[in-house]
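Asker: Provided herewith is a single structure, encoded as C-alpha cells, for subsequent inquiry.
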Amino acid sequence: MTKTAAHGDKNDNVMVTQCHPNLSYRTSHKTILNNISCQREKFAHPPSEKIWQDYLEHRKNKKAKLTETALNRLAQKINAANKLGYATDDILAECMLRNWQGFEISWLENGKRSSQHDAKPQLDWNDTSWANGLEGILCNAFQQ
Numbered sequence: 053m054t055k056t057a058a059h060g061d062k063n064d065n066v067m068v069t070q071c072h073p074n075l076s077y078r079t080s081h082k083t084i085l086n087n088i089s090c091q092r093e094k095f096a097h098p099p100s101e102k103i104w105q106d107y108l109e110h111r112k113n114k115k116a117k118l119t120e121t122a123l124n125r126l127a128q129k130i131n132a133a134n135k136l137g138y139a140t141d142d143i144l145a146e147c148m149l150r151n152w153q154g155f156e157i158s159w160l161e162n163g164k165r166s167s168q169h170d171a172k173p174q175l176d177w178n179d180t181s182w183a184n185g186l187e188g189i190l191c192n193a194f195q196q
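Structure, rendered in C-alpha cells:
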C-alpha cells in the first residue's frame with residue numbers, strides 16, 4: 053500500500069511505502085520495497101530466501117537498487133521463463149554467476165543453444181557402420 057502525504061504537510065513530496073503495518077519508510081518519489089516477503093510474492097514460483105538474499109546482495113554490490121519497477125519487470129520475465137521449465141532459483145543463480153543485474157529469457161536460450169553447438173560428439177569405438185559398403189570396393193581392388 054502506498055500513501056501520499058496530505059497537501060500542506062511539510063513532507064509534500066514524500067511517499068510512504070508500506071507492505072506490512074510495522075515496516076514502512078519515507079522516500080522522495082521512489083518506492084523501494086523493504087519487506088522481503090512482499091518482494092518474493094511477485095513471483096509465480098518465489099525464490100528461496102537464501103537465493104533471494106544473495107541476489108539482493110549481488111544487486112547492492114553492483115550499485116543497482118531494486119526499485120519496484122525493476123522488481124516488476126524481473127518477476128514478469130522470470131514468471132515467463134518458469135512456464136518454459138526454468139526454475140526461479142536457477143535463473144537468479146545464473147544471473148549472479150554471469151554478473152547480470154537483469155534477465156532476459158533469450159540469454160538463457162542462446163546459452164543453451166551455444167553449449168549444445170560447442171558440445172563434442174561422443175565417439176563409439178564399437179561402431180563399425182563407417183565400413184558398410186567397403187567390402188565390395190576392397191575385393192574389387194585386389195582382383196585387378
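53 is the number of the first residue of the sequence shown in my numbering; add one for each residue after it.
In this text, a Cβ means the ideal position worked out from N, Cα and C, and glycines have one as well.
#1: For the alpha helix (DSSP H) containing Glu156, list its first residue and its last residue.
#2: Under the assumption that Ala133 contacts Leu160 (Cβ atoms under 8 angstroms), give the Cβ distance between them as a whole number of angstroms.
#3: Kindly list the residues whose CB is nearer than 7 angstroms to the CB of Met130, restricted to its own chain and excluding five residues on each side of it in sequence; keep chain order.
#4: Would you call the CB atoms of Asp176 and Met148 closer than 8 angstroms?
#5: Whole angstroms is fine: what's the gap from Thr119's alpha carbon to Ala145's?
Answerer: Checking against the coordinates, here is how it stands:
#1: Here the question's residue 156 lines up with position 104 in the sequence shown. Unbroken run through Glu156: none, as it is neither H nor E.
#2: For this step, residue 133 is matched to residue 81 along the sequence shown. For this step, residue 160 is matched to residue 108 along the sequence shown. The C-beta distance from Ala133 to Leu160 rounds to 7 angstroms, short enough to meet the 8 angstroms contact threshold.
#3: For the purposes of this step, residue 130 is taken as residue 78 along the sequence shown, with counting starting at 1. In the sequence under discussion, the amino acid at residue 130 is Ile, which differs from the Met named in the question. Hits under 7 angstroms: Phe95, Thr140, Ile143 and Phe155.
#4: To locate residue 176, count along the sequence shown from 1; it is residue 124. To locate residue 148, count along the sequence shown from 1; it is residue 96. No, the pair does not count as a contact, with Cβ atoms beyond the cut-off.
#5: Looking up residue 119 in the sequence shown gives position 67. Looking up residue 145 in the sequence shown gives position 93. Taking the straight line joining both Cα atoms gives about 20 angstroms.
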